[in-house]
Amino acid sequence: MHRLRVLAIALLLLAGATAMGPLVAQPSGSRHALLIQGASGEPRFATMHRGWLDSLAALLVDRFGYDPANVTIVAERPGEGEVHATAENVRTVAGRLAGTLTDADQLLVVFIGHGTGQGDDARFNLVGPDLSVADWRALLDPIRASLVVVDTTSGSFPYLAGLAAPGRIVITATNSPAQQYHTIFPDALVRALESGDTDQNKDGRISVLEAFTAASRLVREHYEQAGILATETAVIDPTGDGKGLLATAEFPSNSPAALWYLDAPRTATTDDPELQKLLARQQALSERIDDLRRRRDSLPEAEFTRQLEALLTELAEVSREVRRRSGE
Amino acid sequence: MASAITRTVMLPVAIILAVASIGAQGRPAAVDAVLQVRTALAHGDVSGARLVADKAIDEAAGETARALIDIFLGRDAEARERLLPLAQADPLGEAALELGLLEQRAGRTEEAWRWLDPIASNRRLETPDDYFRLARAAIAIREFQLANDAFGRVEEIARPDIRTADGELFLRYHQNGDAARRFERALELDPEWVPAMLGLARAVAAEDPPAARDLLERARAVAPEHPDVNLAVAEHALEAEDVDAAEEALARVAKVRRGSLEEAALRAAIAYRRGGMAAVEQAVQAVAAINPRSSLGWRLAGEQAARQYRFDDAAALARRATEVDPTDAKAQFNLGLYLMRTGDEAAARTALDISWELDSSSPFTKNLLDVLDVLDTFRVVPHGPFIFKFAAHEADVLQPYAIPLATEAYELFARRYGVRPDQPILIEVFPEHDDFAVRTLGLPGLVGALGACFGRVVTMDSPRARPPGDFSWQATLWHELAHVFTLHASDFRVPRWLTEGVSVYEEHLRNPAWGRELTLQYARAFAEGRNFGAKNLPLAFRRPESLALAYFEASLLVEHLVDDHGEEGLRTLLQAYADGVDDAEAFTRAFGRSIDDVEASFRAFVIAKYGPLIEAMKEPTPKLEAADLETLEARAAANPGNFSVQLAYGQALVRAEQPAAAKAPLRRALELAPMATGEASPRALLASIAEMEQDFDLARREWRALLEYDHTNVAGARRLAALAEQAGADADEEFALRMVADLDPFDAGVHVRLGRRLLARGDYEAALVEFDAALAAGPPNRVEVRTSRAEALLGLGRRDEARRDVLLALEEAPTYARAQDLLLTIMGR
């Protein structure tokens, strides 16, 4: 019965997304992740970075249901089934992904470690020779999957424009080449993915935008509560134009980052015809609410409120009935 | 005597030679005599000056020199008689300049202009003295840039009189550093040039008061009867509220220079101190008799009123000053400053704008105008007897906390002190510390201050003005509001030691941890005899270096007085000050005993309260220094009752990664001083050790006990909250969350957690406050908080508001099941 609740909610959101005409639809293929921990330099960073890497991998598998076989780990000190973080190995892994992933798949790439940058170029520190931004671009471009790149390192800002491409979402922990201090963004990202608060719209799923917003918030709080000047400010390029937006920016509800979910896409199915009717009604109401919200500026405020209240009330009643019939 | 004369005569000769060499110009004998007399007078040597004047070969020079002596002695009529024929004979000469300046000091502006303008307009300039005369005339007719140019032409001339006058011009332009360099140069040229000492003292007074005091003492040593020295002594005495000493210094001024404007003006300031506004009216007549166009008497009286926190009077007096002389930029500034302190910011801006028009070099004026601009962006929140001003982006967060606290303070203090201010209290909360500093003193800085009270205006740092955990803004607000009532109850005559003592005492009553941060330092000071006692507290408040302990000891004295005589005794004491009596009489009225009696009983009170702590805080013998573990262990064994020794040994063991061994000495230190706070305190270290040993229950207990004293330790509170949450220790968690929310109200997550707890136990009103604060601070999940807020509103029976909130939540999250259910509940479906 629990499964049905999840299905119903997911259905509504997919419907809403379709109605709003997303630029990037949630791919229907398989979900993959490439987590890369570079050279740490010092034991304390080695422990810290490895901890973030492990937490992230565990979250992807345990919370978001990634197939462990689809989570590739490139590490400074690789464990069993992991890849050593050299440039050569990275090229090999990227080549494999380019060869196997399709347009229907999605790939999350996360850099953890140190970055150093000069002007428009930045180096993510690997074991041995590093790769430049242009090198990384050359490795990622052939991958056809829907791609999200998160560079959590210091000096990550040049990756924002350097990796920008249509349909690709890029997040960097810093918004200026001058920000070269070790970042706490990866820790914040892990904590954001663990927190129930991150699901801003309470739809039961975490989008990349929600994760980015929550992590940015945790970074800001870290510096505010310590009473020190923030040395990092994360930005996101949700559209592939190479321009970074802060978490405080206004994002449209159909922003690609709002529609790229870490959770698995779900399909609502039921063999209970009454329930199926209710689910269809939920979907229809949800679409009408989305439509009404889009037309908000063209309506008098009182009229908008009246219509919204009526729709939300009806949706609440239908949803309650869905939950009742689902046995919750 | 002979050597003194020789010195005064010889030095100018050397200077003249230097001028001749540098300027490649001859120096007329007439100028020599005048310069020699000026030098003698600058040393306060009137006899020497007379000798030089009488020996002058040039008759005109001798007469001019004698006129300078007359002016020095305040014999203006005689001086005018001597100068007039000389000025008529040489309208561009020294006598003409001195006559013009004399007329100006007498308020005969047109007459002064007649002499000064030609000198300022003269461009046939050959000698340094020509430029010097031009500069002085230009200053007198407010052509400051011209004066500056003239000084620039003779900046290499090694003469202390020129360098000093140049310095005074920079002082006028508020460029104290540049001024100081010029005065210092003058003193290099003549170490006994008294006007340079006085100028330098003024230049450094704000930044280095002890240096200013030393310079004044030097000047007194060189020329104890110099009228300008004694005027400066009188000013300093008034600043230190020592009116008797000020009068004594003025009497010395009068002995040498009778009837001077400055003396009369300072007497007007003293008149305010002695007899209030009516006495000033009388006293300024003496100023007007000397110079009817001088605003100085009103201005100084106003400054005296301001020093006594009587800002309505201060503003009225400054306004009189501006009426007498609308071009007095300082008076206009003072008027603006005082009006700001009465809360009339609109009128203050008008005065400050005028002041800025008159003197656009004043950083004080610019700063105040800038801060008024900042205040224009603040949100104004009138509430009951208060008008709050919050930064727009902070208002929604601070309001729910600040208003109830201020209201509680108002009602409590109004009852306790039997007075209700008759006008609204303005409370301004600044997110930028420098804005607070400027609003308070006119300059950024003021690093040690958190809040200030001007009677019915309170200014303070917001919690965001400093890193979280630096201070408790609530304690600050409470402290400043206590001042409002002690000032009003005493008709603004409460001595500083008492109003500060009451405010710190009131903090402690509100929260036992507030106002007791310096307990250990005080115990140590007491053990070493560095405390002040009841009699010396007023003096301790005049010395910045002793202020912190003075606050603490004053609060203990108040506690002692209230213990012995109740709140009624305190009220009577404040009323006695309101009646204008002195300390001795006030104590007799309030407590029926002398200050000496109180001194003895206060000492006994402190010993009874802190005796064992004082013993534990004694400096160990030999003095504790960095040592190896073995030595520290031996010291600890030999000094089981000494806090420092036990703590040092415990800390050393922690550093040596022997936490288990550290526990015993730390626990012993804790027993000796349980109120020790900070991250290196026994309790904090024991808490950390417990966590290290994974004894989380013990760690939680240690943190909780530490935080009972360490009331600004927001990091510790966050740690306790985390440990308590893990352990399900509700009471500890709520204590910790409350502490974090109080110290760092911008932590939205804490408000959410607190709100949920309050909601769960049905305390809807309190929950609503937390959810409001969370929404204002930007919660981790707005939809959840909106829904929780709607629940609280529903619990309070505010159904329509609840429906509005839950719809707002659903608008953002239409599928949020909890909000959907709540909506249906609200709608009765």
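Residue numbers (this note's numbering), protein chains in the order written: chain Z, 10 to 337; chain W, 655 to 1483. All residues carry an ideal CB built from backbone N, CA and C; glycine is no exception. In this text the structure is predicted, and so the values were computed from the model without any measurement.
Cβ-based neighbour list, residue i, same chain, cut-off 8 angstroms, excluding 5 preceding and 5 following
i, result
"R1453 (chain W)", "L1447, I1480"
"A220 (chain Z)", "L198, A201, L202, T207, L271"
"L920 (chain W)", "L885, A888, E889, L892, A900, L904, L954"
Partner residues on chain Z for residue i, Cβ-Cβ distance less than 7 angstroms
i, result
"R1483 (chain W)", "E326"
"E1465 (chain W)", "L317"
"V1437 (chain W)", "Q209, N210, K211"
Where residue i falls: helix, strand or coil (DSSP)
i, result
"K1043 (chain W)", "strand"
"A792 (chain W)", "helix"
"G956 (chain W)", "helix"
"R1472 (chain W)", "helix"
"V858 (chain W)", "helix"
"M1346 (chain W)", "helix"
"R72 (chain Z)", "helix"
"L308 (chain Z)", "coil"
"M1481 (chain W)", "coil"
"L852 (chain W)", "helix"
"M1393 (chain W)", "helix"
"E51 (chain Z)", "coil"
Top-ranked residue by Cα proximity to residue i, from the options
i, options, result
"A960 (chain W)", "W:K1317, W:Y992, W:A932, W:E780", "W:Y992"
"G747 (chain W)", "W:A942, W:G702, W:D771", "W:D771"
"F1206 (chain W)", "W:V1252, W:L1397, W:E1154", "W:E1154"
"R1322 (chain W)", "W:I816, W:A860, W:Q1305", "W:Q1305"
"V314 (chain Z)", "W:L1478, W:G1482, W:R1457", "Note on identity: in this sequence residue 314 (chain Z) is Thr, with Val being the wrong assignment. The option with the nearest alpha carbon to T314 (chain Z) is W:R1457."
"A925 (chain W)", "W:G1038, W:R911, W:R953, W:I1041", "W:R953"
"Q127 (chain Z)", "Z:N98, Z:A84, Z:T95, Z:P167", "Z:P167"
"P1313 (chain W)", "W:P1336, W:S1126, W:L1326", "W:P1336"
"V119 (chain Z)", "Z:E230, Z:V217, Z:L324, Z:T125", "Z:V217"
"E1086 (chain W)", "W:L1360, W:P1117, W:D1217", "W:P1117"
"A1045 (chain W)", "W:P1058, W:T1061, W:V1025, W:P1039", "W:V1025"
"T781 (chain W)", "W:A760, W:R813, W:R762, W:D1236", "W:R813"
"S185 (chain Z)", "Z:W145, Z:L148, Z:P261, Z:T242", "Z:T242"
"E85 (chain Z)", "Z:G60, Z:A107, Z:G74", "Z:G60"
"L1210 (chain W)", "W:L1301, W:L1152, W:E732", "W:L1152"
"L156 (chain Z)", "Z:E230, Z:I237, Z:E318, Z:P265", "Z:P265"
"P87 (chain Z)", "Z:H58, Z:G253, Z:G38", "Z:H58"
Contacts of residue i in chain Z (Cβ-Cβ under 8 angstroms)
i, result
"L1478 (chain W)", "T322, A325, E326, R329"
"D1475 (chain W)", "A325, R329"
Cβ shell of residue i (< 6 angstroms), same chain only, five flanking positions each side left out
i, result
"Y1517 (chain W)", "Lying before the first or after the last residue shown, residue 1517 (chain W) is absent from chain W, which here runs from 655 to 1483."
"A1167 (chain W)", "Y1363, H1365"
"T1331 (chain W)", "Y1363, D1364"
"P151 (chain Z)", "A107"
"F987 (chain W)", "S1009, T1019"
Under 8 angstroms from the C-beta of residue i: neighbouring residues of chain W
i, result
"I7 (chain Z)", "Chain Z is shown only over 10 to 337; residue 7 (chain Z) falls outside these bounds and no answer can be derived."
"R332 (chain Z)", "A1471"
Partner residues on chain Z for residue i, Cβ-Cβ distance less than 9 angstroms
i, result
"F1044 (chain W)", "Those within 9 angstroms of F1044 (chain W) in chain Z number zero; the least Cβ separation is about 18 angstroms."
"N1367 (chain W)", "Under the 9 angstroms cutoff, chain Z gives no residues; its nearest Cβ is about 13 angstroms from N1367 (chain W)."
Cross-chain neighbours of residue i in chain W, by beta carbon under 7 angstroms
i, result
"I298 (chain Z)", "P1468"
Neighbourhood of residue i by C-beta, 7 angstroms cutoff - its chain only, sequence neighbours within 5 removed
i, result
"I153 (chain Z)", "The residue asked about is misnamed: residue 153 (chain Z) is Arg in this sequence, not Ile. Closer than 7 angstroms at Cβ, skipping near neighbours: L110, T111, D112."
"R1411 (chain W)", "E1388"
"R1070 (chain W)", "E1221"
Near the ligand GDP: residue i beta-carbon under 7 angstroms from a heavy atom
i, result
"L1210 (chain W)", "In the structure shown, the ligand GDP is absent, as is every other ligand, since no ligand is present at all."
Near-chain Z residues of the stretch 1157-1177 of chain W - C-beta to any C-beta below 7 angstroms: none
The stretch 1105-1127 of chain W: which residues have C-beta closer than 9 angstroms to a C-beta of chain Z, in chain order? R1118, R1120, P1121, P1122, G1123, D1124
Check distances from the C-beta atoms of the stretch 220-248 of chain Z to those of chain W and list, in chain order, the residues that come in under 8 angstroms. Listed by position, the residues of the stretch 220-248 of chain Z near chain W (Cβ gap below 8 angstroms) are A223, R226, E230, E233, Q234, A235, G236, I237.
Give me the subset of the stretch 1397-1423 of chain W whose CB atoms are less than 9 angstroms from a CB atom of chain Z, sorted by chain position. From the stretch 1397-1423 of chain W, only D1398, F1400, D1401, A1402, G1403, V1406 have a Cβ closer than 9 angstroms to chain Z.
Chain-ordered residues of the stretch 204-217 of chain Z with a beta carbon less than 9 angstroms from chain W: S204, G205, D206, T207, D208, Q209, N210, K211, D212, G213
What residues in the stretch 278-309 of chain Z have a beta carbon less than 7 angstroms from any beta carbon of chain W? S295, I298
Near-chain Z residues of the stretch 1079-1094 of chain W (beta-carbon distance less than 9 angstroms), N- to C-terminal order: none
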